[in-house]
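Here's the structure we're looking at; comments come further down.
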Amino acid sequence: MTKQRIFSGIQPTGNIHIGNYLGAISQWVKRQDTYDNIFCIVDLHAITVPQDPKVLKTKTRELSGLLLAAGIDPKRSVLFIQSHVCAHSELAWILNCFIPMGWMQRMTQFKEKSQKQKEQVSTGLFDYPALMAADILLYNTDVVPVGDDQKQHVELARDAAQRFNSIYGETFKLPEPVIPEVGARIMGLDDPTQKMSKSETASNHAINLLDSPDVIRAKLMRATTDSLKDIRFDENRPGVYNLLVIYELFSGKKRKEIEAHFAGKGYADLKKEVGEVVVEGLRPLQERYKELTADPTHIDSILSEGANRVRPMAEKTMALVKERVGLG
Ligand code: ATP
Ligand code: LTN
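Have a look at this one:
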């Protein structure tokens with residue numbers, strides 16, 4: 045039986061945090077044996093907002109190292125850089141010509157991000173979902189595991205595929221988003237009503253995967269909670285709830301067991317213990333990252349091998365799409 049295909053992407057911008065890890069990366073790692081996996085570092089998406097060229101290159105290598113250190117195994121999964129396979133930009137353009145503006149205007153991420161940048165906002169940021177649709181549709185993807193914030197974009201990719209298929213006949217497979225039940229939306233430590241985000245720069249906002257144990261502990265001790273006392277999984281108390289979810293995911297314990305463990309304890313104990321599970325949870329990843337990045341040529345060769353593996357698949361899709369549309 046052939047395995048279903050997973051495709052997912054992550055931007056090489058900012059510092060990768062535990063939200064990215066719990067909501068996306070660890071989900072990818074977990075499913076590696078069950079699916080046929082393609083993971084993409086989406087540098088073309090990154091340039092939809094201004095980037096320093098040197099930093100972008102460095103962040104792309106850093107992210108590759110982190111994904112490998114987190115357990116993405118090049119023997120079981122393809123890892124590559126989006127700009128290494130030109131078909132992504134090419135298909136994005138073609139899809140652009142089929143996706144109505146109205147669909148794009150409904151995207152909540154664009155509304156949020158463009159508000160921050162006002163009139164400087166790029167056309168690329170508006171069009172970002174077309175490139176994401178191209179990423180997904182090039183590889184006959186069945187399943188797209190993402191955090192909650194990306195569900196709308198995956199649905200747009202599916203709608204775009206359906207629209208194209210209805211005009212030109214069966215061309216693209218229709219992808220399904222898969223959102224983790226727990227951890228789909230880890231919240232900022234400084235403001236638990238906002239999702240933990242790479243582009244948020246407040247020093248106490250996120251725990252980054254490469255933060256030292258002391259930094260992790262200090263950030264958690266300063267996490268915003270509330271003025272109540274008991275420690276329970278209550279979504280109406282977002283600060284404590286977020287800390288408990290982080291504890292749950294790193295410890296692997298059940299909610300009942302966790303509530304019993306913290307019964308009668310205070311928020312300081314909670315923060316200290318969350319700190320310990322996060323430090324211990326990230327330790328192996330940080331050690332592997334150090335080993336892996338000691339030889340940067342090793343990472344580069346994994347990335348170029350990855351692009352070589354997927355390029356023929358992408359080119360095959362492009363040939364069919366061009367044929368259907370009448371290009372060339
Ligand atoms: P930005 O703030 O620049 O949008 P981001 O932190 O949202 O960045 P992305 O590169 O957009 O990071 O996301 C990579 C993956 O991590 C996506 O699948 C996304 O859904 C997931 N993700 C991002 N933030 C969180 C979060 N706070 N909780 C759970 N998953 C998340
Ligand atoms: N937009 C996504 C990253 C991304 C992606 C994709 C995810 C780009 N292409 C294809 C899944 C499938 C983000 O910002 N997290």
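So for the sequence shown, this note's numbering puts the first residue at 45; every next one is plus one. Cβ atoms here follow ideal geometry from the backbone N, Cα and C, with glycine treated the same way.
Based on the DSSP secondary-structure assignment, which residues constitute the bridge partners of Met-231? Here residue 231 is taken as the residue at index 187 of the sequence shown, counted from 1. Its beta-bridge partners are Lys-239.
The ligand ATP and Arg-229: does any heavy atom of the ligand fall closer than 6 angstroms to the residue's C-beta? One-based indexing of the sequence shown puts residue 229 at position 185. Because some heavy atom of the ligand ATP lies under 6 angstroms away, the Cβ of Arg-229 counts as near it: yes.
Give the secondary structure of Gly-350 by DSSP, where H, G and I count as helix, E and B as strand, and everything else as coil. Within the sequence shown, the letter at position 306 stands for residue 350. In the structure shown, Gly-350 adopts helical secondary structure according to DSSP, grouped into three states.
In whole angstroms, what separates the C-alpha of Ile-350 from that of Ser-133? Counting from 1 along the sequence shown, the entry for residue 350 is found at position 306. Counting from 1 along the sequence shown, the entry for residue 133 is found at position 89. What sits at residue 350 in the sequence shown is Gly, not Ile. Whole-angstrom Cα-Cα distance: 18 angstroms.
Boundaries of the alpha helix (DSSP H) in which Val-187 is found, first to last residue: If you number the sequence shown from 1, residue 187 lands on position 143. That residue, Val-187, is in no alpha helix (DSSP H); its beta strand (DSSP E) goes 187 to 189.
Enumerate, from N- to C-terminal direction, the unbroken beta strand (DSSP E) stretches of 3 or more residues contained entirely within the stretch 64 to 152. List check, beta strand (DSSP E) in window: 80 to 85 and 121 to 125.
Would you call the stretch 109 to 125 and the stretch 331 to 345 in contact, with 3 or more CB pairs under 8 angstroms? Taking 8 angstroms as the limit for Cβ pairs, the verdict is that the stretch 331 to 345 does touch the stretch 109 to 125.
So for Ile-50, helix, strand or coil by DSSP? Numbered from its first residue, the sequence shown carries residue 50 at position 6. Three-state DSSP puts Ile-50 in a strand.
Helix or strand or just coil, what does DSSP make of Asn-252? Here residue 252 corresponds to residue number 208 of the sequence shown, with the count starting at 1. Here Asn-252 sits in strand by DSSP.
Could you give the residue range of the alpha helix (DSSP H) that holds Val-284? Reading the sequence shown from its first residue, position 240 is the one you call residue 284. Residues 282 to 295.
Val-284: buried (16+ other C-beta within 10 angstroms of its C-beta) or exposed? Numbered from its first residue, the sequence shown carries residue 284 at position 240. The residue in question, Val-284, is buried, as its Cβ has 16 or more Cβ neighbours within 10 Å.
For Phe-142, which residues of its own chain have a beta-carbon under 8 angstroms away from its beta-carbon, when the five flanking residues on both sides are left out? Here the question's residue 142 lines up with position 98 in the sequence shown. Ala-204, Arg-207, Phe-208 and Ile-211.
In its own chain, which residues sit with a C-beta less than 6 angstroms from the C-beta of Ser-166, not counting the 5 before and 5 after it? For the purposes of this step, residue 166 is taken as the residue at position 122 of the sequence shown. Correct list, in chain order: Thr-92.
Residues that DSSP places opposite Val-222 in a beta bridge: One-based indexing of the sequence shown puts residue 222 at position 178. Partner(s): Pro-189.
What does His-61 pair with, by DSSP beta-bridge criteria? For this step, residue 61 is matched to residue 17 along the sequence shown. Beta-bridge pairing links His-61 to Asn-252.
Cβ neighbours of Ala-113 in the same chain (closer than 6 angstroms, five flanking residues each side left out): The residue given as residue 113 occupies position 69 in the sequence shown. The residues are Leu-329, Arg-332, Tyr-333 and Leu-336.
Given this structure, state the Cα-to-Cα distance separating Lys-160 from Gln-238, to the nearest angstrom. As a first step, residue 160 is located in the sequence shown; it is residue number 116 there, counting from the start. As a first step, residue 238 is located in the sequence shown; it is residue number 194 there, counting from the start. In a straight line, the C-alpha of Lys-160 is about 15 angstroms away from that of Gln-238.
Report yes if the C-beta distance between Asp-234 and His-249 is below 7 angstroms; otherwise report no. Walking along the sequence shown from the start, residue 234 turns up at place 190. Walking along the sequence shown from the start, residue 249 turns up at place 205. Contact flag set, yes.
For review: beta carbons within less than 6 angstroms of any heavy atom in the ligand LTN: Phe-51, Ser-52, Gly-53, Ile-54, Gln-55, Val-86, His-89, Met-176, Asp-179, Ile-180, Val-188, Val-190, Gln-194 and His-197
Heavy atom of the ligand ATP less than 6 angstroms from the Cβ of Met-240, yes or no? Counting from one through the sequence shown, the residue named residue 240 turns up at place 196. Yes, Cβ of Met-240 sits closer than 6 angstroms to a heavy atom of the ligand ATP.
Arg-49: buried (16+ other C-beta within 10 angstroms of its C-beta) or exposed? Walking along the sequence shown from the start, residue 49 turns up at place 5. That one is buried.
Please find out if some non-hydrogen atom of the ligand ATP comes closer than 6 angstroms to the beta-carbon of Met-158. Numbered from 1 along the sequence shown, position 114 holds the residue referred to as residue 158. Met is not the amino acid found at residue 158; the sequence shown has Ser there. No, since every heavy atom of the ligand ATP falls outside the 6 angstroms radius drawn around the Cβ of Ser-158.
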